[in-house]
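Participant:
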Amino acid sequence: MKIAVAKEIDPSEPRVAVSPDTIKKFKALGAEVAVEPGAGIKSGLPDSELTAAGATVSADALKDADIIIKVKRPEASELSKYKRGALVIAIMDPYGNEAALKTMADAGVSAFAMELMPRITRAQVMDVLSSQANLAGYRAVIEGAEAFGRAFPMMMTAAGTVPAAKVFVMGVGVAGLQAIATARRLGAVVTATDVRPATKEQVESLGAKFLAVEDEEFKNAQTAGATPRRCPRSTRPSRPR
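Okay, so the sequence shown: first residue is 300 according to my numbering, each after it adds one.
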């Protein structure tokens with residue numbers, strides 16, 4: 300079986316769908332791994348590291364591949380390189396992109412949407428929503444600190460005292476919890492809110508203040524299973540905050 304790793308064509312996408320560790324795991328299963336040249340450069344993974352792990356770096360990496368793994372859904376211009384019947388594994392972002400999905404169907408490939416993996420224990424290692432949301436919460440605070448233009452922690456100098464920055468986090472999911480932790484590490488005074496009462500303890504455990512209007516609607520906003528109530532007609536998976 301041949302597994303191919305496609306280089307992302309979106310210039311703003313720095314991620315790659317493979318690492319030296321995953322290449323070794325694929326090889327241990329008996330699969331052949333081929334990578335397009337430069338696929339991991341923006342992620343700090345030069346071709347030499349991927350070849351050292353056992354992959355083959357080739358411009359024809361996608362040719363005759365049985366499985367193609369990517370970060371983002373392939374564009375129409377990429378599908379011409381895929382053989383019919385190939386399995387494409389990526390973050391597909393299917394909602395509202397019916398035309399793109401039809402293009403994939405017309406190309407004869409089978410699509411596997413990683414963000415639709417069931418949120419169960421056995422699938423935790425493949426939970427791209429949680430892993431990427433965790434990084435997004437961290438990155439949001441780092442970019443916010445850069446845009447803020449001032450120091451986050453309280454600064455006491457001979458010229459006076461600069462108060463700590465105040466950060467407000469809306470939504471305490473995976474991303475929100477990481478944002479709180481990161482802002483606290485940088486020295487900010489953090490306040491957070493969420494529709495779920497159970498998150499109050501999580502917020503306070505990270506040293507932040509929980510803010511909510513604790514009326515009857517707030518108290519009933521969570522089911523016994525500690526998940527927020529949703530419209531029963533909704534079929535979309537829950538998104539990380």
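Beta carbons: idealized from backbone N, C-alpha and C, even for Gly.
(1) Where in the segment 425 to 464 do unbroken runs of the alpha helix (DSSP H), each at least 4 residues long, occur, reported from the N-terminal end onward?
(2) Between which two residues does the alpha helix (DSSP H) containing V473 stretch?
(3) For S409, name the three-state secondary structure that DSSP assigns.
(4) Can you give, in chain order, each stretch of the beta strand (DSSP E) that sits fully within the segment 366 to 407 and has at least 3 residues?
(5) Look up V468 in the DSSP assignment and say whether it is helix, strand or coil.
(6) Counting beta carbon pairs with one atom in the segment 339 to 356 and one in the segment 308 to 328, are three or more of them shorter than 8 angstroms?
(7) On the criterion of 16 or more Cβ atoms from any shown chain inside 10 Å, does P539 qualify as buried, or is it exposed?
(8) Pull up the distance between the alpha-carbon of V494 and that of F447, whole angstroms please.
(9) On the three-state DSSP scale, how would you describe G503?
(10) Assign V317 to one of three DSSP states: helix, strand, or coil.
(11) Going by DSSP, name the residue or residues bridged to V334.
(12) By alpha-carbon positions, which one of M454, D365, P452 ends up nearest to M300?
(13) Indicate the three-state DSSP secondary structure (helix, strand or coil) for K508 in the structure shown.
(14) Take E500 and list the residues in its own chain whose beta-carbon comes closer than 8 angstroms to its own, dropping the five residues that flank it on each side.
(15) If distances are taken between C-alpha atoms only, which option among I368, I479, D346, V427 comes closest to R438?
Facilitator: From the atom records:
(1) 427 to 447
(2) For the purposes of this step, residue 473 is identified with residue 174 of the sequence shown, where counting begins at 1. Element bounds for V473: 473 to 484.
(3) In the sequence shown, counting from the first residue as 1, residue 409 sits at position 110. The answer is strand: DSSP assigns S409 an E or B state.
(4) Secondary structure in the segment 366 to 407: the beta strand (DSSP E) runs of 3 residues or longer, each lying completely within the stretch, are 366 to 371, 386 to 390 in chain order.
(5) As a first step, residue 468 is located in the sequence shown; it is residue number 169 there, counting from the start. It is a strand residue.
(6) Yes, the segment 308 to 328 touches the segment 339 to 356.
(7) The residue labelled residue 539 in the question sits at position 240 within the sequence shown. Its pLDDT being 47, under 50, P539 is placed unreliably by the model, and the measurement read from it follows with that caveat. The residue is buried, with at least 16 neighbouring Cβ atoms inside 10 Å.
(8) The sequence position of residue 494 within the sequence shown is 195, counting from 1. The sequence position of residue 447 within the sequence shown is 148, counting from 1. In a straight line, the C-alpha of V494 is about 27 angstroms away from that of F447.
(9) Position 204 of the sequence shown, counted from the first residue, corresponds to residue 503. The sequence given here has Glu at residue 503, not Gly. In this structure, E503 counts as helix in the three-state DSSP scheme.
(10) Here residue 317 corresponds to residue number 18 of the sequence shown, with the count starting at 1. Reduced to three states, the DSSP call for V317 is coil.
(11) Translated into positions along the sequence shown, residue 334 becomes position 35. DSSP output for V334 lists V304, V356 as bridge partner(s).
(12) In the sequence shown, residue 300 corresponds to position 1, counting from 1. The candidate whose alpha carbon is nearest that of M300 is D365.
(13) Position 209 of the sequence shown, counted from the start, is the residue given in the question as residue 508. Residue state, collapsed to three classes: strand.
(14) Here the question's residue 500 lines up with position 201 in the sequence shown. Counting only Cβ-Cβ distances below 8 angstroms, and skipping sequence neighbours, we find nothing.
(15) The residue given as residue 438 occupies position 139 in the sequence shown. The residue with the shortest Cα to Cα distance from R438 is I479.
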